[in-house]
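Counting with numbering that gives the first Met the number 0, you get residues 0 to 130 for the letters of the sequence shown.
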Amino acid sequence: MKMKVPLSGKATNFNPELANLDRIGVSGDNNDPIRVDIDLGNVSWRLISIDLEAKEAEIEITPANEITELKAGGDPEKSEDFITRQLSDAEKQASLVDAQIRADMAPRGQLKVTSTILNKYKNWKAEKVTQ
0 MKMKVPLSGK ATNFNPELAN LDRIGVSGDN NDPIRVDIDL GNVSWRLISI DLEAKEAEIE
60 ITPANEITEL KAGGDPEKSE DFITRQLSDA EKQASLVDAQ IRADMAPRGQ LKVTSTILNK
120 YKNWKAEKVT Q
């Protein structure tokens with residue numbers, strides 16, 4: 000499932016040539032890297048693209064196949080009191096819905112982008128539209 004999530008951090012450069020290759024082309028500050036700063040729950044995700052104007056990323060999420068849970072009455076300090084089991088299709092779907100809700104509730108516009116970087120990005124994007 001594809002979705003948009005807000006980005007945090009500080010963009011330090013936009014490289015149009017790299018963006019043509021990877022649909023990203025953005026570098027982040029070593030002390031404040033570009034990141035998805037929200038917990039999406041029991042899913043894994045991969046980056047598809049970044050939109051500097053919207054300060055968000057498009058990602059594809061996949062639900063986990065299994066979950067590790069504390070046994071009823073178990074002690075959370077003891078590893079033997081946990082079990083791992085397969086998730087049902089309904090639980091996997093619920094994980095996707097939960098991730099979307101978490102993303103929708105996250106604060107927007109946290110990514111710091113200078114006007115110079117943003118202009119380079121807008122010019123690159125405009126060229127893509129006219130091609």
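Note that CB positions come from ideal geometry on N, CA and C, so glycine has one too.
If you're wondering where the values come from, they're calculated on a predicted model, not measured in any experiment.
| Check | Outcome |
| --- | --- |
| Buried or exposed (CB count within 10 angstroms, at least 16 for buried), Ser-7 | buried |
| Asp-97 - DSSP class collapsed to helix/strand/coil | helix |
| Local conformation of Ser-87 per DSSP, three classes | coil |
| Beta-carbon spacing of Leu-51, Ile-116 below 8 Å | yes |
| Backbone CA spacing between Asp-74 and Arg-84 [nearest angstrom] | 18 Å |
| Ile-47 vs Ile-60 beta-carbon contact at 8 Å | no |
| Three-state secondary structure (DSSP) of Asp-50 | strand |
| Candidates Lys-121, Ser-26, Glu-65, Pro-5: closest to Asp-88 by CA position | Glu-65 |
| Nearest-angstrom Cα separation, counted from Val-96 out to Gly-72 | 29 Å |
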